[in-house]
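K.L.:
Quick note: the sequence shown uses full-length UniProt numbering, first residue 1, plus one each step.
By construction, the Cβ of each residue, glycine as well, lies at the ideal position given by its N, Cα and C atoms.
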Amino acid sequence: MVLVRDNVRKKDNSKHLIPIDKPILLIEDQESMLLMLKGLIQEKYKIEIHTASNYAQAKALLSKHRHEYYLAICDLHLPDAPNGEIVSLLNRANVKMITLTGTFGERDKTSILPKGVIDYIIKDSINAYEYVVELVGRLYNNCHHKVLVVDDSAISCTMIANMLTMQNFEVLVAEDGVQALEVYKNNSGINLIITDYHMPNMDGFTLTLNLRKDYSKEQLAIIGLSASGDTDLGAQFIKYGANDFLAKPIRYEELLCRVNQNISMLEYMEALRNAANRDFLTSLYNRRYFFSQGKQIFQQAIDNESDISVAMLDIDHFKQINDNYGHEAGDDLLIHFSEQLTEHFEKDLIARIGGEEFVILFDGLTDDIVIKMLNDFREKIAAQVITCDEAKISMTVSIGFNSHKEQHLDAMLKIADENLYKAKQSGRNQVVG
Ligand SMILES: Nc1nc2c(ncn2[C@@H]2O[C@H](COP(=O)(O)OP(=O)(O)OP(=O)(O)O)[C@@H](O)[C@H]2O)c(=O)[nH]1
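Listed below in structure tokens is the structure:
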């Protein structure tokens, strides 16, 4: 099997870039603005940008690439369409948009954003352009978040759900706290709950309290809704564990800002957790995380008298790979190897614990199954030829296995490590256990 890996390192060097696979349409008549915005966006995201400096050019591009656009960013007043006609054109083409405009006066004319408009930005400073750039990334990332809206009023629920859908969130709804807990339990990936207070069966405070028993503010954001006139509710929601609150009637723009702020905070916390728990090069878990999780899994297996086993893996002659093809090619191979590990042992706890050393913890699997999985993996790696910057590289892996329960996880690993040493001594590319 031949695998081409010549882009791995380049991808890794630009990890902060979000690859957006559909182009953005940028419509702006002032060339300097257009170039600045294009530059700012492409500095941050890997994205193709089509540009138009007037309505006619935008129309031509839309008819050519009709269903392709991820988003349009458009000046509301174009020389050949001075009255915001671009909004209807983009709506007809089904392209969501961020609109740019010159003054507060114009902004004030629209208390409700026109159909298809995600946000409305006043071009008064560089900050406005930076906000647009952030919003582009936010909209892309929102696709990965689910939001649960909890309100017994179907009208209110639908309205909030529509606002969130506009911002690319996947939205689920529930009529009261009891239903919300059920929906939350049955759907993974809900990161934000927006909940009303007054609801039958279970109110918003009780729902918040129930959720906080198991999920911290860093894991799950909750925004409470407080009815107009009830000034205490917002503060009470925070005291019961909500991250934030929104006053009814809900204004689209405020909802957008608060939701995005809370989701950004969750992403930031996740990034911090990843920085602490994951290896920078391969994104696999690091030694610290492996031991903190592994010790709990180990203890449960001891308590339940269930199967537990460990494997130590070490790529063979990795120094030669570095010496022959360079350290960067070596890095590419480590990334590739880690991806293969994650794919092959998707349910098991994997970590990179040294340069070319990896460890796996198997919970609840019999020896026969694990040894077969390890041998299948070893054979799969040996059969691959990886093309890295035009060099064709093969590698093999030696594996030490141990399922004998010792007093501590470390002691189990020590035996696996001794078996790994035996695998190396007996010619490499084999499983010993
Ligand atoms: N490219 C790259 N190389 C690394 C990294 N971490 C460690 N290494 C290299 O991995 C190599 C490990 O070499 P050795 O411990 O001698 O082992 P080996 O060559 O794999 O030989 P055996 O384990 O005996 O089969 C060293 O050359 C390290 O410099 C890394 O993050 N990237």
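Quick check on DSSP: helix, strand or coil for G224?
P.N.:
The residue labelled residue 224 in the question sits at position 224 within the sequence shown. Here G224 sits in strand by DSSP.
K.L.:
Measuring alpha carbon to alpha carbon, tell me which residue in F205, L37 and N54 is nearest residue 434.
P.N.:
Examination of residue 434 is not possible in this model, given that the chain is present from 1 through 433 alone.
K.L.:
Compare the Cα-Cα distances from Q261 to each of L420, A275, N141 and K59 and report the closest residue.
P.N.:
Stepping through the sequence shown from its first residue, residue 261 is reached at position 261. Selected option, being the one with the closest Cα: N141.
K.L.:
M33: which of A93, S125 and E305 sits nearest, CA to CA?
P.N.:
The count along the sequence shown starts at 1 and reaches residue 33 at position 33. Nearest C-alpha to M33: S125.
K.L.:
What do you reckon, is the C-beta of N322 under 6 Å from a heavy atom of ligand 1?
P.N.:
Residue mapping note: residue 322 aligns to position 322 of the sequence shown, counting from 1. Yes, Cβ of N322 sits closer than 6 Å to a heavy atom of ligand 1.
K.L.:
Would you identify the three-state DSSP class for G204, choosing helix, strand or coil?
P.N.:
Counting from one through the sequence shown, the residue named residue 204 turns up at place 204. In the structure shown, G204 sits in a helix (DSSP, three-state: H, G or I).
K.L.:
Could you check what DSSP says for H50 in three-state terms: helix, strand or coil?
P.N.:
Stepping through the sequence shown from its first residue, residue 50 is reached at position 50. Reduced to three states, the DSSP call for H50 is strand.
K.L.:
Could you pull out every residue in the same chain whose Cβ sits closer than 6 Å to the Cβ of M202, ignoring the five residues on either side in sequence?
P.N.:
The residue given as residue 202 occupies position 202 in the sequence shown. Closer than 6 Å at the Cβ level, and outside the excluded window around M202, lie D176, G177 and V178.
K.L.:
If we ignore side chains and look at the alpha-carbon of each, how far apart do residue 458 and F205 end up?
P.N.:
Because the chain spans 1 through 433 in this model, residue 458 falls outside it and cannot be assessed.
K.L.:
By the three-class DSSP mapping on this structure, what secondary structure does L37 have?
P.N.:
Numbered from its first residue, the sequence shown carries residue 37 at position 37. Note: L37 maps to helix in three-state DSSP.
K.L.:
Pop quiz: A221 and L266 are said to be a contact at Cβ under 8 Å. What is the actual Cβ separation, rounded to whole angstroms?
P.N.:
Working through the sequence shown from its first residue, we reach residue 221 at position 221. Working through the sequence shown from its first residue, we reach residue 266 at position 266. Correct: roughly 6 Å between the Cβ atoms.
K.L.:
Can you tell me whether K347 sits near ligand 1, meaning its C-beta is under 6 Å from at least one heavy atom of the ligand?
P.N.:
In the sequence shown, residue 347 corresponds to position 347, counting from 1. Result no, Cβ not under 6 Å from ligand 1.
K.L.:
Are the CB atoms of N277 and Y268 within a distance shorter than 7 Å?
P.N.:
Here residue 268 corresponds to residue number 268 of the sequence shown, with the count starting at 1. Here residue 277 corresponds to residue number 277 of the sequence shown, with the count starting at 1. Cβ atoms of Y268 and N277: not closer than 7 Å.
K.L.:
For E31, which residues from the same chain have a beta carbon less than 8 Å from its beta carbon, with the 5 sequence-adjacent residues on both sides left out?
P.N.:
The residue labelled residue 31 in the question sits at position 31 within the sequence shown. Excluding sequence neighbours, E31 sits near S53.
K.L.:
Regarding F337 and ligand 1, is the C-beta to nearest heavy atom distance less than 6 Å?
P.N.:
The sequence position of residue 337 within the sequence shown is 337, counting from 1. F337: no, Cβ never under 6 Å from ligand 1.
K.L.:
Within 8 Å, do at least three Cβ pairs link the stretch 128-135 to the stretch 54-68?
P.N.:
No contact exists between the stretch 54-68 and the stretch 128-135.
K.L.:
Are three or more beta carbon pairs between the stretch 378-395 and the stretch 411-418 nearer than 8 Å?
P.N.:
The stretch 378-395 vs the stretch 411-418: no contact.
K.L.:
Does the CB of E175 have a neighbour CB from chain C at under 7 Å?
P.N.:
In the displayed structure, chain C is absent; only one protein chain is listed.
K.L.:
If we ignore side chains and look at the alpha-carbon of each, how far apart do L409 and M373 end up?
P.N.:
Here residue 409 refers to the residue found at position 409 when the sequence shown is read from its first residue. Here residue 373 refers to the residue found at position 373 when the sequence shown is read from its first residue. C-alpha separation (whole angstroms): 21 Å.
K.L.:
Beta carbon of F298: closer than 6 Å to some heavy atom of ligand 1?
P.N.:
The sequence position of residue 298 within the sequence shown is 298, counting from 1. No, since every heavy atom of ligand 1 falls outside the 6 Å radius drawn around the Cβ of F298.
K.L.:
In three-state terms, what does DSSP make of N419?
P.N.:
Numbered from its first residue, the sequence shown carries residue 419 at position 419. Correct three-state label for N419: helix.
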